[in-house]
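Protein sequences, first through last, are from chains Y and H. So the number in the working numbering is just where the residue sits in the first sequence, counting from 1, plus 12. So the number in the working numbering is just where the residue sits in the second sequence, counting from 1, plus 118. Positions of the beta carbon are idealized from the N, C-alpha and C atoms, including for glycine. Note that the structure is predicted; figures quoted are calculated from it, not measured.
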Amino acid sequence: MTEQRTRRIDVPVLARVEGEGALEVTIRDGRIAHLALRIFEPPRLFERFLVGHHYSELPDLVARICGICPVAYQMSALDAIERLFAPDRQSPPARWVQRMRRLFYCGEWMQSHALHIHLLAAPDFLGFDSAPAMAARYGAELRRGLALQALGNRIISLFGARSVHPVGARAGGFRRAPSLQQAGALAAQAEQAVPAAEDLVRWTAALPLPAHPQQFNCVSLRHPAEYPMIGERIVAESGLDISVDDFEDHITEFQVPHSTALHALLEGKPYLVGPLARLNLNLDRLHPGVKALLAELDIEFPSHDMYHSIVARAVEILQALLEAREILADYAPQEPAHIDLQPRAGIARGASEAPRGLLWHRYDLDSAGIIAHARIVPPTSQNQPRIEADLADALVGVGLDEDEATLRHAGEMVIRNYDPCISCATHFLRLTLDR
Amino acid sequence: MSVIGIGSPRGDDRVGWCVADTLARQPRAADARILKLDRPGAALLDALAGRRRVVIVDAAATGAAPGTLYRVSLPDLAEIPAAASSHGFGLAQALELGRGLGVLPPELYLYLVGIDPRRTVGIGQALSPAVAAAVGRLTAAICRRLAAGGR
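Okay, here's the thing in structure tokens:
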């Protein structure tokens, strides 16, 4: 019989995660007795904060929830209210707005994914503590990544005055249309960036990634023709194919004592949202240029190895860049840059694919368009049960008798694959190992 | 000369923006390029690209009294744990990355204003008095720097 030892260690780690959290692991007699990813998120204060506001204020209010993905919050909120108000979405002005939203969103995917790949994930795989430590050896790669991130930010800035917390989106469209000259300048930059984005995909696929295939169910939006960004249907590998309206019938959120973020389950089971899930479910919707490049790689998609998430992010940067290039090349301004909306009472539900995964919103509105109830289901809370399952599996794989530093590093790498935005709070993760 | 105020909309974390706003009203700063950035992370490097002289102002939870002003050199910044800066991939890491890549401006002045992290909860919340009082002092210091070498 093994003598039971109890040791508590507090280590501030995981600075390369957006937000603040802590990982608690209790090991008893060589097995994991308890594992919890604690998240200290001000509990859903934001949903309450939206109550009583007019729907037209939503784009500016929800952009404040997340400093990394403000466009996603705006697009899910606007998709929700416009699905309820049901303007003619086939009219030429409405179609122009849809194209511009797609361009706006491409910018966010590019900047968020480039940040994650280069500054958060790559150091793990190349054996560095941080991105600055990589600079001497991998300067060219970091500069390439920062340039792609900057291009994404400039695409967002085309519509909003600022790339962080953009102010350009409004109900029905945008406050103003970019000038032909601004769009033309960006179109040229997008064209020039294509080889860099292609090289980035090859570079991520050639990284020394660990191999750790697992079983999990992928969930994403599905668009009739395009790679999913804003959409009507939610699909899963398990066969689920539902309207965005029916999300709450299938996905349940519940509180857990160790986290102020809610956890979500699909039909009672953990599931994955995010770049790898999107790519696995939408390979047939990729741009032909992306499909051709994927065929060259040694990695097969669909993949159920979370370490391929970094490759999926690079693939989505290329996808977003190729789409942005085409939208910018065909660009013509439209005035006004929005369509008019007529509010109606009812329940507004909508969703979009934030860089980190499916972001679902619900607003209960009265006939004047005032919000009576709001519900926001972010990707990180959906992934949280999956992250915990992955952590348990990964730590056992590494060996629970390994030293703390080894276990902590393995845990950090697992968590970072999901790019959790534990934020919309602040800093770091602490590991408490009890054994 | 560029002046960059870094912050977020949360309470005392706005102090860098408030300094930028106050500076923008000063006639002596008329020739400066003044920017307000919201938790830019590594995108700060894009804002620094090609600049010769830059002043950066940010909030920092240093444990000292709120409103304490710091003029920090880059080597000192590396000593500040990442968690003390207010935003994810923070200022210290972004500047360390910029230094590693050799893309920092030749003249870079960094000012930090000590804040209490408990005063960074409410969106749009007013600055606490001690931090508000630091805005004027810091603006005056930056104006002196502008006057000293306003190229």
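Residue i to residue j span [Cα, whole Å]
i	j	result
Gln354 (chain Y)	Phe97 (chain Y)	6 Å
Pro348 (chain Y)	Gln110 (chain Y)	14 Å
Ala143 (chain Y)	Phe137 (chain Y)	11 Å
Asn292 (chain Y)	Arg143 (chain H)	53 Å
Arg290 (chain Y)	Tyr229 (chain H)	43 Å
Leu441 (chain Y)	Ala251 (chain H)	Any reading at Leu441 (chain Y) must be qualified, since the residue scores a pLDDT of 41, below 50, and its modelled position is unreliable; no value is offered.
Asp41 (chain Y)	Ser255 (chain Y)	47 Å
Leu166 (chain H)	Val63 (chain Y)	40 Å
Gly243 (chain Y)	Ser88 (chain Y)	9 Å
Leu168 (chain Y)	Ala199 (chain Y)	Here the sequence assigns Ile to residue 168 (chain Y), which means Leu is not the residue at that position. The alpha-carbon atoms of Ile168 (chain Y) and Ala199 (chain Y) are separated by roughly 13 Å.
Ser204 (chain H)	Ala75 (chain Y)	Note that Ser204 (chain H) scores 39 on pLDDT, short of 50, meaning its location in the model is unreliable and no value can be drawn from it.
Ser120 (chain H)	Pro345 (chain Y)	32 Å
Ala138 (chain H)	Ile152 (chain H)	6 Å
Pro145 (chain H)	Arg255 (chain H)	16 Å
Pro54 (chain Y)	Gln243 (chain H)	Its pLDDT being 40, under 50, Pro54 (chain Y) is placed unreliably by the model, and nothing is read from it.
Arg149 (chain Y)	Gln211 (chain H)	17 Å
Arg155 (chain Y)	Leu407 (chain Y)	34 Å
Gly280 (chain Y)	Asp258 (chain Y)	16 Å
Asp318 (chain H)	Ala34 (chain Y)	This structure gives no information on residue 318 (chain H), because the portion of chain H shown stretches from 119 to 269.
Ile80 (chain Y)	Ser124 (chain Y)	7 Å
Min CB distance residue i to chain H below 8 Å
i	result
Gly64 (chain Y)	no
Gly119 (chain Y)	no
Gln161 (chain Y)	yes
Ser232 (chain Y)	no
Asn1 (chain Y)	The first residue shown for chain Y is 13 and the last is 447, placing residue 1 (chain Y) beyond what the model contains.
Glu212 (chain Y)	According to the sequence shown, residue 212 (chain Y) is Leu rather than Glu. It does not: the Cβ of Leu212 (chain Y) has no partner Cβ on chain H nearer than 8 Å.
Asp431 (chain Y)	no
Asn229 (chain Y)	no
Ala147 (chain Y)	yes
Asn165 (chain Y)	yes
Gly139 (chain Y)	no
Ala386 (chain Y)	no
Leu377 (chain Y)	no
Pro144 (chain Y)	yes
Leu333 (chain Y)	no
Gly151 (chain Y)	yes
Leu131 (chain Y)	yes
Arg76 (chain Y)	yes
Leu127 (chain Y)	yes
Leu306 (chain Y)	no
Leu154 (chain Y)	yes
Leu170 (chain Y)	no
C-beta neighbour in chain Y for residue i, strict 8 Å
i	result
Gln243 (chain H)	no
Asp164 (chain H)	yes
Glu214 (chain H)	yes
Gly134 (chain H)	no
Ala266 (chain H)	no
Leu219 (chain H)	yes
Gly159 (chain H)	yes
Pro223 (chain H)	no
Gln144 (chain H)	no
Pro247 (chain H)	no
Ile124 (chain H)	no
Pro193 (chain H)	no
Pro184 (chain H)	no
Sheet register partners of residue i (DSSP bridge)
i	result
Asp176 (chain H)	H:Leu230
Ala366 (chain Y)	Y:Gly369
His46 (chain Y)	Y:Thr38
Val121 (chain H)	H:Ile152 and H:Val173
Val190 (chain H)	H:Leu228
Phe140 (chain Y)	DSSP, once it has assigned bridges, lists no residue as partnering Phe140 (chain Y).
Ile388 (chain Y)	Y:His373
Lys281 (chain Y)	Y:Leu278
Asp470 (chain Y)	Not covered by the structure: residue 470 (chain Y). The range shown for chain Y is 13 to 447.
Glu265 (chain Y)	Y:Ala276
Phe97 (chain Y)	Per DSSP, none; premise fails for Phe97 (chain Y).
Cβ separation of residue i and residue j, assumed to be a contact under 8 Å, to the nearest whole Å
i	j	result
Ala131 (chain Y)	Ile399 (chain Y)	For the sequence presented, residue 131 (chain Y) should be read as Leu rather than Ala. That belief does not hold up - the Cβ atoms of Leu131 (chain Y) and Ile399 (chain Y) are roughly 20 Å apart, past 8 Å.
Phe228 (chain Y)	Leu284 (chain Y)	5 Å
Ala183 (chain Y)	Ile93 (chain Y)	6 Å
Ala133 (chain Y)	Arg428 (chain Y)	6 Å
Arg101 (chain Y)	Arg361 (chain Y)	At roughly 16 Å, the Cβ-Cβ gap does not stay under 8 Å, so Arg101 (chain Y) and Arg361 (chain Y) are not in contact.
Leu213 (chain H)	Leu195 (chain H)	6 Å
Ala366 (chain Y)	Pro391 (chain Y)	6 Å
Leu209 (chain H)	Ile124 (chain H)	6 Å
Proximity test, residue i beta-carbon vs the ligand ZN heavy atom, cut-off 7 Å
i	result
Ala380 (chain Y)	In the structure on display, the ligand ZN does not appear, and there are no ligands present to speak of.
Whole runs of the alpha helix (DSSP H) within the stretch 206-263 of chain Y, excluding any shorter than 4 residues: Listed in chain order, they are 259-262.
4-residue-minimum alpha helix (DSSP H) runs that sit fully inside the stretch 103-166 of chain Y, ordered along the chain: 104-127, 134-138 and 143-146, all fully within the stretch 103-166 of chain Y.
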